[in-house]
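Trainee:
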Amino acid sequence: NDDQTMKLVTEMVKSLGDKYSRVLDAKQYTAIQKYDLIGVGVTLMPNSNKELIIGAPPVAGSVSDQSGLKRGDFITAVNGIPTKGRNAFDIIDQISENPNAATVTMTVRTEGPDDIPGEGYTRDVTLARTFQEIKDPVISKISETRSDGTKVGYIRIFEFNSLVKGKLEDALTKLEKEGANAYVLDVRSNPGGAFQSAVEISSLFFEDRIATYVVDSNEVELPFKTAAGRVLVDSQDPIAIWVDAGSASASEVFAGSMHDNCRALVMGEKKSFGKGLIQAVYGLKNGAGLVLTVATYVTPNGTVIQGQGITPDIKGNVAIDFPGLSTDTSKVDFG
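The sequence shown begins at 2 in the numbering used here and counts up by one.
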């Protein structure tokens, strides 16, 4: 009985005592795909031999599901580049190099029960990238021009969904053309999203440096670095990141990344939320999903985000929050 099984699973997850680990029904699992940075409805993960496989059944009705991909299929190459020695985040980085690509081609090997390991049926599967109708997570404008020549570009980031990197690139390019030479990046009330997006957009401000550490249950630190050659903002342009008590998760990763690499000051009346746990999302055979906490975020300088948050450098001289969140940047002291 599927309902009885899901009830038992839900009770087991509740017994962990972790409010962030939870069971998703099929509708909720489909909705969470707005954070899918690949856009084909599959979860990639390593097996025990560190080979990249499809780790959960494809999202029901997705292009991967329709193409016959199955849990346990091996992904041996993506767009012709072998996956050996690479992880899912490396694949996301590769695909992000051409974020507007309409398709992605995966070389898939399916092993049958009688196949020797390494053998099986191999084919190339070209998948159309599709994303749910997702709200544009970025708004931007020139908020003011000061008497000393400072032209402030204001950017509000609402969440770290699959569109955020491209939309932020567009906003920065537009503001640069309009002459912005200082920036306020507003992540107030931003609940987070895909933490990889926080690393990716940090690459627009500094290159080839550690953006965050992911620390697993065995205290193993995995560093995530920004890419090279993607910076859009002059290194001399001052930046302030605006946080509040509703800035959480990937917002805090981004703020900590920028702050600890001396690329931005953090401002706000209160420290950020303090949600520094990482959840992995697993698809279940019945179309439902399982969300489990698997690791924590630590900033480049070693600040544990969970339960502590990001403390602002500037607590005074910031605009008062009005209903709807003020965009007044006139009191920001860029130092």
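Glycine included, every Cβ here is placed at the ideal spot set by N, Cα and C.
Owing to the predicted nature of the structure, the values given are computational and were not obtained by experimental measurement.
Does the pairing of the stretch 287-302 with the stretch 227-237 give three or more beta-carbon distances under 8 angstroms?
Mentor: no
Trainee: Just how far apart, CA to CA, sit residue 310 and residue 303?
Mentor: 12 angstroms
Trainee: Would you mind working out which of 287, 269 and 116 sits nearest residue 3, comparing C-alpha positions?
Mentor: Measuring from the Cα of residue 3, the nearest candidate turns out to be 287.
Trainee: Write down the C-beta distance between residue 264 and residue 207 rounded to the nearest angstrom, noting that I regard them as a contact closer than 8 angstroms.
Mentor: Contact flag correct, Cβ pair sits at about 5 angstroms.
Trainee: Alpha carbon to alpha carbon, what distance is there between residue 77 and residue 83?
Mentor: 6 angstroms
Trainee: Assuming residue 192 and residue 258 are in contact, meaning their beta carbons sit under 8 angstroms apart, how far apart are those beta carbons, in whole angstroms?
Mentor: With 8 angstroms as the limit, residue 192 and residue 258 do not qualify as a contact, their Cβ atoms being about 18 angstroms apart.
Trainee: Can you find at least 3 beta carbon pairs, one from the stretch 6-20 and one from the stretch 40-47, that sit closer than 8 angstroms?
Mentor: Segments in contact, no.
Trainee: Between which two residues does the beta strand (DSSP E) holding residue 292 run?
Mentor: 290-299
Trainee: Can you say whether residue 114 is buried or exposed, counting buried as having 16 or more other CB atoms within 10 angstroms of its CB?
Mentor: exposed
Trainee: Can you tell me whether residue 252 is buried or exposed, with buried defined as 16 or more other CB within 10 angstroms of its CB?
Mentor: buried
Trainee: Residue 321 to residue 9, Cα distance in whole Å?
Mentor: Residue confidence for residue 321 is low, a pLDDT of 44 falling below 50, so the modelled location carries little weight; the figure read from the coordinates is stated next. If I take the Cα positions, the gap works out to 48 angstroms.
Trainee: Apart from the five residues just before and just after residue 11, which ones in its own chain have a Cβ nearer than 7 angstroms to its Cβ?
Mentor: 24.
Trainee: Please return the same chain residues whose Cβ sits closer than 6 angstroms to the Cβ of residue 48, not counting the five positions on each side in sequence.
Mentor: 54
Trainee: Give the range of the beta strand (DSSP E) segment to which residue 30 is assigned.
Mentor: Run containing residue 30: none in the beta strand (DSSP E); it sits in the alpha helix (DSSP H), 27-32.
Trainee: In whole angstroms, what separates the C-alpha of residue 127 from that of residue 107?
Mentor: Approximately 6 angstroms between the Cα atoms of the pair.
Trainee: Do you know offhand how far residue 151's Cα is from residue 184's?
Mentor: Those two C-alpha atoms are separated by around 10 angstroms.
Trainee: Using CA coordinates, which residue listed in 271, 68, 198 and 197 is at the minimum distance from residue 109?
Mentor: Among 271, 68, 198 and 197, the Cα nearest to that of residue 109 belongs to 68.
Trainee: Pick helix, strand or coil for residue 45, following the three-state DSSP scheme.
Mentor: strand
Trainee: Please tell me whether residue 30 and residue 290 are closer than 9 angstroms, where the distance is taken between their beta carbons.
Mentor: yes
Trainee: Return the residue from the list 284, 260, 300 and 270 that minimises the CA-CA distance to residue 277.
Mentor: 300
Trainee: Can you name the start and end residues of the beta strand (DSSP E) that residue 175 belongs to?
Mentor: Note, residue 175: premise wrong, no beta strand (DSSP E); alpha helix (DSSP H) at 165-178.
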